[in-house]
Structures are given as C-alpha cells and as structure tokens.
Amino acid sequence: MAPDNPNPNIDLQQQIEEGFDLNELRLLCADVSIDFDHLKGDEKRTKVLSLLEMIARQNRQEVLLNRLRELRPQVEWPVTYHVTRSGTVYAPPPLPERGVLAEPGSILPPDSRMLYRRNPLFTGRVEDLLQLADTFLYEGNGRHIIITQTAVAAGMGGIGKTQLAVEFAHRYGRYFPGGVFWLSFAQAETIASEIAACGGPDGLDLAPGYTDLPLDDQVKMVQRAWHEPVARLLIFDNCEKEDLLADWRPQHGGCHVLVTSRRQQWDRALGVSHLRLEVLPRAESITLLRRLAPDLAESDADAIAAEVGDLPLALHLAGKFLETYGRVVPPAAYLDQLRAKPILDHASMLGRGTDYSPTGHNLDVARTFAVSFERLDLTHETDALALTLLAQLAFLAPGEPVPEDLCQALAPVAENDEEGLLQVEDGWQRLRNLGFVAVEQDGAVRLHRLLALFAQKIADDPEDAQRATEKAVREAVSNRQDRAGYIPPIPLLLPHLYFVTDAAMSRDDEQAASLCVWLGYYLNQVADYPAAQPYYERALA
Numbered sequence: 001m002a003p004d005n006p007n008p009n010i011d012l013q014q015q016i017e018e019g020f021d022l023n024e025l026r027l028l029c030a031d032v033s034i035d036f037d038h039l040k041g042d043e044k045r046t047k048v049l050s051l052l053e054m055i056a057r058q059n060r061q062e063v064l065l066n067r068l069r070e071l072r073p074q075v076e077w078p079v080t081y082h083v084t085r086s087g088t089v090y091a092p093p094p095l096p097e098r099g100v101l102a103e104p105g106s107i108l109p110p111d112s113r114m115l116y117r118r119n120p121l122f123t124g125r126v127e128d129l130l131q132l133a134d135t136f137l138y139e140g141n142g143r144h145i146i147i148t149q150t151a152v153a154a155g156m157g158g159i160g161k162t163q164l165a166v167e168f169a170h171r172y173g174r175y176f177p178g179g180v181f182w183l184s185f186a187q188a189e190t191i192a193s194e195i196a197a198c199g200g201p202d203g204l205d206l207a208p209g210y211t212d213l214p215l216d217d218q219v220k221m222v223q224r225a226w227h228e229p230v231a232r233l234l235i236f237d238n239c240e241k242e243d244l245l246a247d248w249r250p251q252h253g254g255c256h257v258l259v260t261s262r263r264q265q266w267d268r269a270l271g272v273s274h275l276r277l278e279v280l281p282r283a284e285s286i287t288l289l290r291r292l293a294p295d296l297a298e299s300d301a302d303a304i305a306a307e308v309g310d311l312p313l314a315l316h317l318a319g320k321f322l323e324t325y326g327r328v329v330p331p332a333a334y335l336d337q338l339r340a341k342p343i344l345d346h347a348s349m350l351g352r353g354t355d356y357s358p359t360g361h362n363l364d365v366a367r368t369f370a371v372s373f374e375r376l377d378l379t380h381e382t383d384a385l386a387l388t389l390l391a392q393l394a395f396l397a398p399g400e401p402v403p404e405d406l407c408q409a410l411a412p413v414a415e416n417d418e419e420g421l422l423q424v425e426d427g428w429q430r431l432r433n434l435g436f437v438a439v440e441q442d443g444a445v446r447l448h449r450l451l452a453l454f455a456q457k458i459a460d461d462p463e464d465a466q467r468a469t470e471k472a473v474r475e476a477v478s479n480r481q482d483r484a485g486y487i488p489p490i491p492l493l494l495p496h497l498y499f500v501t502d503a504a505m506s507r508d509d510e511q512a513a514s515l516c517v518w519l520g521y522y523l524n525q526v527a528d529y530p531a532a533q534p535y536y537e538r539a540l541a
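Structure representation (structure tokens):
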C-alpha cells in the first residue's frame, strides 16, 4: 500500500517561491505566456500566487507544471493544482500506482463538504475501492482523467453502500483538487438545499452574503462552479431515481459523481459505470466481527456470520451486541438465541447495544429493509405482482440462486401472452430496482436470507405463498422431466427441491406427498438410494 502522509498535499506555492528568484520567475512567466508586470503584489510570494491564479483561470495548469518539470527536474511537482476563491493553493499528492490501494488520509481539499468521518472499523471492499479509483482517477498513463465519470455503487439495504462511499472519500478525496461534496438524495424535495449548502461558508464559500441569497440563486452559483474544469468528487447518497441523477448531475466540467443506490438498473443513456456490492466474503465478516468484539473466537465469528448471511449491517449489530453484552450473553448463547427465534426480532438486530451509526442510518435490519418495501404501491399492478413474487421467493432455500425456469414457474404465463410476459418482467425489474433481489450473470435470481425472513414476515398470506412456491418447484422439476424424458442434473434447483420438500413433510397432504415423490425419484435416478428411501416412505405413508 502507498505510505500514509499526514499532510498529503504538495505546497506548490512554496516550491516555486523557494526555487525561483524574481528574475527567474519573470522568465518563467514569459515561458508560459504570462506578463510578469501584471502579477499582483510586490512580494515574491504574492506574485507566485497571482501567477498560479492566472494560469488556473485559463485552465493551463499542465502547461505551467510541464515547464517547471523541465526547469527543475529534481523537484517532485504535482500533476495538477487548484486555487480556491479564498486564495488557497491545493496540489494533490501523486496517485498510487494503479491497483495499489491509497491509504486513508486526514486531510481533504479546501472547500470540501464531507459530512462523515472515516469509520476506523471499516473492513474489506478493497476490490470495490480500486474499481472506483480506476473509474475516476486513472487512464492508460496513470494520470488524472478529465472526462466526467459517474459510478453507481448499488445493492440491498444494509450492504454498506454509504460506508463504501465514505471510505472512498477519505482514501481518494485528496486527489480531487476541487474538493469532495456529500449530498443526500434520499428526499427529492431537499436536493436543492443540499446543493446550495455546498456553496456556503463550509463549502465553496462562493460569495459574501451567500446565505442571504434566494435558494435558486445559490443553486445556480454552485452549478456554475461545478461546470468549471477542476476535478471534484460529488457523492449523491441514496439516489434511487434516474431522473434525479439526470436533472442534478453536472452536464459538463470536471465533476465526477459517485452514486449510492439500491437501484441496480440504470438507463444506458446515463452512461454510468456499475458496481454491484455483494455481502462480505466470510473471512472479512470474521475480521469485522472480531474488530467489534475483540474477545470473539474465530469459530464463533464464523458461525454468527453464517447466521446473518455476511450482511455488513447485521454483522455490525451482532458485533456491537456482543461487545456490550458478551459477559451475560456469551457467543454460544447468542447463537442459540439467533437460531431459536426469528432472527430479525432478536434484540441485536433491532439495534440493542449500540446508539451510534457511523453514517446516521437505521440501526435496525428490518427497518432498513422496510425502506424498500414502503416504496411499493400495492394498488399498482406491477408493485402488487412484485410483492407476490417476493413472498414466494422467501420460501425457497435461503440465499441460494434461483434458476430462470423456477422464476418463470413462480409466475406462470403462456408463451403467447405477450402482455402477461411483460407484466411479469416488470415485476422482477421492480424487485431488482428496490434492492430486494440480485440477478446473476446466468439469469439466476438471489434473495438474501435475512430479506427472505423479512418477506415472510410482511406477506399477506404466508401459507398461501409457501404452497405457491412448492407448486412452482414441482412444476420446474416436472418440466425438466418432460423436456428430457428424465430429470437432468439440477445443481441450482436441487437445494430448493430439498428445502420445500423438507418444509412440507410436516403436512399430510397431496402436495407434500408429490414433492417427496419427485425428490425421491431424482435421488434414485442419481443412485443415492439411502437418501431417496425416506422420501419414498413419506410419500406412501
């Protein structure tokens, strides 16, 4: 990793002041087509600042810096620089080599509006951070790009989108000389105020009496500043609608936009780079839990991570609960509690044991999921269908990918019913854009195990949803049998066939018996006779 520098910016003004006398400064001005006699002030330092300001206004920083490299090759000159309206010169440090993660820094460029401190317990996400850095800061020669880029970090609630954006800002914000600006897009009606705040005394400080100006004037002033060529990082946190991004993103200039969103599909015309966040790898889940609760054994951390499906929010809440209550609820007892009752109802998943959220977000897993649910309008046909699909998915094997043919069986539509096919696809897209499901490259759909529990909890008729799911699994297996004359290998479908069959075996009805027959038949077909026997016996009972 790149070495940490407590004062990472380069003092370009001082470098020139100390490296050039007045005669040399006059020659330097001539080299870059600046009239030395038009520089402000009498002192050398003032004249150097005036030179830097004039060059920056003309957007010719590269010309000046290239000449400085020729004249003083022994000095480490910056790649670029920016002069704020208050006359502060900021020159970012050299970028790390491509593929090397920047260390977190304590200093952001002047004018920045960053609302969150770095979370020292942030764990993992190295590849995601590097991908964002690659999108915004590197091109073939490893220098700053000048074409505005937009990247969307997308994923379900509780996956850590905002935490990732905070971490990126504190590791890479110093490479955006025009500053870092954090804006909440959670409420459309407050976005104008968020933008206006970027131009005030705690941000760009655009004009005396700025805060007394009408809101529209403040917004226009900030937007004009954002159209300048200097590189800035804008973070649109919780931006869920394409029109909000299109309306408020600068149309030109040097700004780069990082969006956090549950929405996983964006119109190609918006030209965004996609970064889909996954749950943490198990090793990183264990590391995070043990940072939160240092006395936690690795084996216990592994088991807890499995129970909460490696979801960062749930890991955070579990770790804080054990840190607070570990003496009276040791890890083994905590695991027993998680397994004995609906996990979302456990005190830890409701935020017991912690009052502090590094990003000000909900410390309640179910409440976090409910944000997406509350965006469904059940009087709307598409949203009602989406909820039906979600309820049925919830009774499949937790966390396992759901193959395409099983998804189709959950909402069967005749091949010649064009409108019906479109409606079902709209339902799936709605779930995807609310962050409920993720779609794999092979078309399989995945629902997180905790989201499945949430969906079961909010289902209007859980028993009806469960039976519909069982029927869909049976139909998917039957269809494969009909097409091939036998059941071909079903690696993605088998976990669901096992799960729904085992869940149905407590009932004495025809559907439970049918599932047992199908599972027994498949196991017999693959010569797993001992495993097939109890299912056949149950079907005949």
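Residue numbers for the sequence shown follow my numbering, so the first one is 1 and each next one is one higher.
Note that the Cβ used here is the ideal one computed from N, Cα and C, for glycine as well.
Please determine if the segment 19–27 and the segment 35–51 are in contact, where contact requires at least 3 C-beta pairs separated by less than 8 Å. yes
Could you name the residues of the same chain whose beta carbon sits closer than 8 Å to that of L429, not counting the 5 residues immediately before and after it, in chain order? What you label residue 429 is simply residue 429 of the sequence shown in a count that begins at 1. The amino acid at residue 429 is misidentified as Leu; the sequence shows Gln. Cβ neighbours of Q429 beyond the five flanking positions: Q265.
Below 9 Å between beta carbons: does that hold for A154 and L275? Here the question's residue 154 lines up with position 154 in the sequence shown. Here the question's residue 275 lines up with position 275 in the sequence shown. Yes, the pair counts as a contact, with Cβ atoms nearer than the cut-off.
Inspect the beta-carbon positions of A438 and M156 and report whether they are closer than 9 Å. Indexing the sequence shown from 1 puts residue 438 at position 438. Indexing the sequence shown from 1 puts residue 156 at position 156. Yes, Cβ-Cβ distance for A438 and M156 is below 9 Å.
Start and end of the alpha helix (DSSP H) containing W248? Numbered from its first residue, the sequence shown carries residue 248 at position 248. Segment 242–248, the alpha helix (DSSP H) holding W248.
What whole-angstrom Cβ distance do L406 and A476 have, given they're in contact under 8 Å? Residue 406 sits at position 406 when you count from the first residue of the sequence shown. Residue 476 sits at position 476 when you count from the first residue of the sequence shown. 4 Å between Cβ atoms; contact.
Can you tell which of V259, M505, G253 has its C-alpha closest to the C-alpha of F168? Translated into positions along the sequence shown, residue 168 becomes position 168. If we check each option's Cα against that of F168, V259 comes out closest.
I think A165 touches D237, with their Cβ atoms under 8 Å apart; what is that distance to the nearest whole Å? On the sequence shown, position 165 is the one that residue 165 refers to. On the sequence shown, position 237 is the one that residue 237 refers to. Correct: roughly 6 Å between the Cβ atoms.
The segment 170–184 in contact with the segment 292–304 per 3-pair CB rule at 8 Å: no
Following the continuous beta strand (DSSP E) through S273, name the residue where it begins and the one where it ends. Working through the sequence shown from its first residue, we reach residue 273 at position 273. Where S273 is concerned, the enclosing beta strand (DSSP E) stretches over 272–276.
May I ask you to report which of helix, strand or coil DSSP gives I146? On the sequence shown, position 146 is the one that residue 146 refers to. For I146, the predicted structure reports a pLDDT of 43, less than 50, and the residue's modelled location is therefore unreliable. A value from the coordinates is still provided. Of the three classes helix, strand and coil, the one that applies to I146 here is coil, per DSSP.
State yes or no: is the C-beta of T287 within less than 9 Å of the C-beta of G124? Position 287 of the sequence shown, counted from the first residue, corresponds to residue 287. Position 124 of the sequence shown, counted from the first residue, corresponds to residue 124. Yes, the Cβ-Cβ distance between T287 and G124 is below 9 Å.
According to DSSP, simplified to helix, strand and coil, what is I490? In the sequence shown, the residue the question calls residue 490 occupies position 490. In the structure shown, I490 sits in coil (DSSP, three-state: anything other than H, G, I, E or B).
Count the other C-beta atoms from every protein chain shown that fall within 10 angstroms of the C-beta of A512, then say buried if there are 16 or more, exposed otherwise. Within the sequence shown, numbered from 1, the residue matching residue 512 stands at position 512. That one is buried.
Buried or exposed for Q13, going by 16 or more other Cβ atoms inside 10 Å? As a first step, residue 13 must be located in the sequence shown, where it is residue number 13. Buried, because 16 or more other Cβ atoms sit within 10 Å of the Cβ of Q13.
Quick one: Cα of Y116 to Cα of P104, how far? As a working note, residue 116 is residue 116 in the sequence shown. As a working note, residue 104 is residue 104 in the sequence shown. Cα-Cα distance, rounded: 14 Å.
Which residues in the same chain as G326 place their Cβ atom closer than 7 Å to its Cβ, once the five residues preceding and following it in sequence are excluded? Working through the sequence shown from its first residue, we reach residue 326 at position 326. Excluding positions up to five away in sequence, the list reads A293, D295.
Pairwise C-alpha distance: M349 and P492: For the purposes of this step, residue 492 is identified with residue 492 of the sequence shown, where counting begins at 1. For the purposes of this step, residue 349 is identified with residue 349 of the sequence shown, where counting begins at 1. The residue you asked about is not Pro; residue 492 is Leu in the sequence shown. Distance between the alpha carbons of L492 and M349 is about 30 Å.
Any idea what DSSP makes of Y535, helix, strand or coil? Counting from one through the sequence shown, the residue named residue 535 turns up at place 535. Three-state DSSP puts Y535 in a helix.
Whole alpha helix (DSSP H) elements within the segment 413–486, 4-residue minimum: 418–433, 449–458, 462–484
Rounded separation between L313 and E18 - CA only: Taking the first residue of the sequence shown as 1, we reach residue 313 at position 313. Taking the first residue of the sequence shown as 1, we reach residue 18 at position 18. Each residue's alpha carbon lies about 51 Å from the other.
Hey, is I286's beta-carbon within less than 9 Å of any beta-carbon in chain D? Protein chains in the displayed structure number just one, and chain D is not present.
Q218 and A250 - do their beta-carbons sit closer together than 9 Å? As a working mapping, residue 250 is identified with position 250 in the sequence shown. As a working mapping, residue 218 is identified with position 218 in the sequence shown. Per the sequence shown, residue 250 should be read as Pro rather than Ala. In this structure, Q218 does not lie closer than 9 Å to P250 by Cβ.
Report the partner residues of T597 according to the DSSP bridge assignment. No statement about residue 597 is possible, as the shown extent of the chain runs from 1 to 541 and does not include it.
With a CB to CB cut of under 8 Å and the five nearest residues on each side skipped, what residues in its chain are close to N141? Along the sequence shown, read from residue 1 onward, the residue named residue 141 stands at position 141. For N141, the predicted structure reports a pLDDT of 37, less than 50, and the residue's modelled location is therefore unreliable. A value from the coordinates is still provided. None.
In this structure, how does DSSP classify V402 when only helix, strand and coil are distinguished? Residue 402 sits at position 402 when you count from the first residue of the sequence shown. In the structure shown, V402 sits in a strand (DSSP, three-state: E or B).
Quick one: complete alpha helix (DSSP H) runs, 4+ long, within the segment 264–335? 282–292, 298–307, 312–325
Tell me the rounded alpha-carbon separation between T162 and E43. Position 162 of the sequence shown, counted from the first residue, corresponds to residue 162. Position 43 of the sequence shown, counted from the first residue, corresponds to residue 43. If you take the alpha carbons of T162 and E43, they lie about 46 Å apart.
Who are the near neighbours of V272 in its chain, counting only those whose CB is closer than 6 Å to its CB and skipping five residues on each side? Mapped onto the sequence shown, residue 272 falls at position 272. For V272, where only same-chain residues beyond five positions count, the Cβ hits under 6 Å are T150, V152, W266.
Buried or exposed for L234, going by 16 or more other Cβ atoms inside 10 Å? Numbered from its first residue, the sequence shown carries residue 234 at position 234. By the neighbour-count rule (16 or more Cβ atoms within 10 Å), L234 is buried.
So, is H82 buried or exposed, given that buried needs 16 or more other C-beta atoms within 10 angstroms? For the purposes of this step, residue 82 is taken as residue 82 along the sequence shown, with counting starting at 1. By the 10 Å Cβ count, H82 comes out buried.
Which stretch, first to last residue, makes up the alpha helix (DSSP H) that contains L101? Within the sequence shown, the letter at position 101 stands for residue 101. From DSSP, L101 is part of no alpha helix (DSSP H); its letter is neither H nor E.
Rounded straight-line distance, which links the Cα of C239 to that of P281: Walking along the sequence shown from the start, residue 281 turns up at place 281. Walking along the sequence shown from the start, residue 239 turns up at place 239. Distance between the alpha carbons of P281 and C239 is about 26 Å.
Specify whether the segment 399–415 and the segment 463–480 touch according to this definition: at least 3 beta carbon pairs, one from each stretch, less than 8 Å apart. yes
Given that a residue counts as buried once 16 or more other Cβ atoms are within 10 Å of its Cβ, and exposed if not, what is Q441? For this step, residue 441 is matched to residue 441 along the sequence shown. Exposed: under 16 other Cβ atoms inside 10 Å.
Between which two residues does the beta strand (DSSP E) containing I235 stretch? As a position in the sequence shown, residue 235 is number 235, starting the count at 1. Where I235 is concerned, the enclosing beta strand (DSSP E) stretches over 232–237.
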